[in-house]
Amino acid sequence: EFTRVGPMLTLYVALATAAMGLLRLDRLLRFISPVALSAFTTTAAFLIGTTQMKFMFGLNIKVSGFVQTYVEIFKNIKDTNLATFGLGIASIAFLFTSKILTRKYGSKYKVPDPGALLLVLVSVGLVKLLDLDSKYGVDVVGTTPSGFPSFRSPWESFSSSSVHTKLIVDALLIAAINYILAMAIAKSFAEKCNKVLDTSQELLALSCANLAGSFFGSFVAGGSFSGSALISAFNASSLIHNFVNSMVMMCILLWLTPVIELLPKVTLAAIILVALPKLVDFKRPAYLFKVKGDDFVVWVLTFIVTLLTGVQWGIICGTIFSLFTLLYRVANARVTEVGCLPGTSIYRALSRFPDAKRLDKVRMLRLDSSINFANAHDFESKLTAALLSCREKPKSSKKKRKVFDKLKAKFAKLRKQKVKSDSSVQDSSSQSNELSSLPLQNGLEDDADASQFCFIISCEAVNDVDSAALAVLMKFSKLCSDHGYKLLFSGF
183 EFTRVGPMLT LYVALATAAM GLLRLDRLLR FISPVALSAF TTTAAFLIGT
233 TQMKFMFGLN IKVSGFVQTY VEIFKNIKDT NLATFGLGIA SIAFLFTSKI
283 LTRKYGSKYK VPDPGALLLV LVSVGLVKLL DLDSKYGVDV VGTTPSGFPS
333 FRSPWESFSS SSVHTKLIVD ALLIAAINYI LAMAIAKSFA EKCNKVLDTS
383 QELLALSCAN LAGSFFGSFV AGGSFSGSAL ISAFNASSLI HNFVNSMVMM
433 CILLWLTPVI ELLPKVTLAA IILVALPKLV DFKRPAYLFK VKGDDFVVWV
483 LTFIVTLLTG VQWGIICGTI FSLFTLLYRV ANARVTEVGC LPGTSIYRAL
533 SRFPDAKRLD KVRMLRLDSS INFANAHDFE SKLTAALLSC REKPKSSKKK
583 RKVFDKLKAK FAKLRKQKVK SDSSVQDSSS QSNELSSLPL QNGLEDDADA
633 SQFCFIISCE AVNDVDSAAL AVLMKFSKLC SDHGYKLLFS GF
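Basically this note's numbering = 1-based index in the sequence shown + 182.
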């Protein structure tokens, strides 16, 4: 059934991938953090190794999953094929020995490690000479179709519109997951090799590969973690290796399929297992634990989810964890009180620089992030807390209160005198002149300039303020005014 429907599904996946490229959906990949990719790469190495363990023991296990696989292996450990297990151990030892010798004697002349190629030839020869597959039950690749598939249009097998509708829906989901996984693999190895990844070009490559393959009855093409691990292990650093791989594959399909049929699966498992340690990186979480706690949590959660649920859910959950971390950082307002270093005009955080001192009658707060509706309430809470924590009460507010109390008492007295007698207008006028002669305005201005407590908010790190944040700043300005404090902004 799949050979009839599969090519059409592959064609729809190609078209969906091309549409993603035209809509520039590759930009969404920037939300997959390097931390999640690091955890994903390390966990994928464990998962790939787990899939090869049944071949190492020569067991026929149908289950998948990290925990389930090892449970089944331990349940059936008594059925281990000793010939297969021995060949696997010998293959791993041979590959490690080849690596050591190549590193010691071949590095001077830049000779690549021939261990994997020699192992394939030797293991095929042993199966042929000793009949390991028939006499000792060593599992081999078996029957492999030779030649190239024939050209045929993917839509010629069926024409049901209901099937097309279902395939289109499935193709959209497969295209999205296939692209995310392929890009996660590509970004992981690009980061390890210090390469720049063009995500739009990768979309085009996936689309073209699936489009061409759909006319030859192919499955959906995507990234391969085990294949990428092997390429990385052999230090292939250019696209020429793709050309070489294609030529070798063509020769195998045309002339060497009888040889490949005798290749033990345990040999392939050994080659993959030896290549996997380069993917494991536990130094990264140790570093994150020291410098950034929330990134360490994302790494651990992505590692655990990928290990227990698989690669697909692992990268999806890792992306979700990264987005939650990003939202937390955006919503968490960072307000730092700064002080002046003695003998300088340099201002630093009081919490980090013990020598920094507050200026007299000045409280300086530095906003270390932009203000938006997500963190405006948090900013308001922290600014208000800083204002209310001031132990020093401004003298100007007491003086203002005394002046206004005197004014209130005198105006009340004047009203009573006006009701009793009209003749008191003259006295009232003289009293008003007396009140107006008080140095109220000048006294308040001089006092504000001389001794008013001042709040300074440094906004050098603020590059955006939305309407909700503006309302918070205006509310805080009014609060400062009500407490008799002067509010200033710098760096806007």
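Ideal Cβ positions, reconstructed from N, Cα and C, are used throughout, including at glycine.
The structure displayed is predicted, hence computed values, not measured ones.
Tell whether a beta-carbon distance below 8 Å holds between residue i and residue j.
i	j	result
Gly231	Leu458	yes
Gly404	Ala364	yes
Ala226	Phe485	no
Thr192	Phe401	yes
Thr566	Leu661	yes
Gly203	Ser382	yes
Ala568	Glu519	yes
Ser172	Phe471	Limits of the chain in this structure are 183 at one end and 674 at the other, which puts residue 172 out of reach.
Asp321	Gly240	yes
Leu354	Val187	no
Val480	Thr439	no
Val512	Leu549	no
Val306	Val441	yes
Ile259	Ala366	no
Thr199	Leu412	no
Val487	Gly475	no
Look at the alpha carbon of residue i and the alpha carbon of residue j, and state the distance between them as a whole number of angstroms.
i	j	result
Tyr194	Ala391	12 Å
Ala630	Arg540	The predicted position of Ala630 is uncertain, since its pLDDT is 38 and thus under 50; a value taken from the coordinates is nonetheless stated next. Cα-Cα distance, rounded: 19 Å.
His423	Ala556	49 Å
Leu655	Ile528	26 Å
Asp648	Arg285	59 Å
Ser534	Leu523	The sequence given here has Arg at residue 534, not Ser. One C-alpha to the other measures close to 12 Å.
Leu210	Cys499	15 Å
Phe464	Thr223	11 Å
Gly324	Glu254	24 Å
Ser640	Met546	7 Å
Trp437	Leu303	16 Å
Lys543	Ser663	15 Å
I'd like the span of the alpha helix (DSSP H) that includes residue i, first residue to last.
i	result
Arg511	493-513
Ala403	It is not in any alpha helix (DSSP H) - Ala403 carries neither H nor E in the DSSP assignment.
Gly329	That residue, Gly329, is in no alpha helix (DSSP H); it is neither H nor E in DSSP.
For the beta strand (DSSP E) that residue i lies in, which residues bound it at each end?
i	result
Leu547	544-549
Lys668	668-672
Glu519	517-522
Assign residue i to one of three DSSP states: helix, strand, or coil.
i	result
Val323	coil
Ser640	strand
Pro440	helix
Lys539	strand
Tyr287	helix
Leu655	helix
Val462	coil
Ile243	coil
Arg755	A question about residue 755 goes unanswered here, because the residues of the chain that appear run from 183 up to 674.
Ala468	helix
Tyr529	strand
Pro446	strand
Val647	strand
For a test of your reading of the model: does the CB of residue i fall under 7 Å from any non-hydrogen atom of the ligand FMN? Yes or no.
i	result
Tyr510	The model on display carries no ligand, and the ligand FMN is accordingly not part of it.
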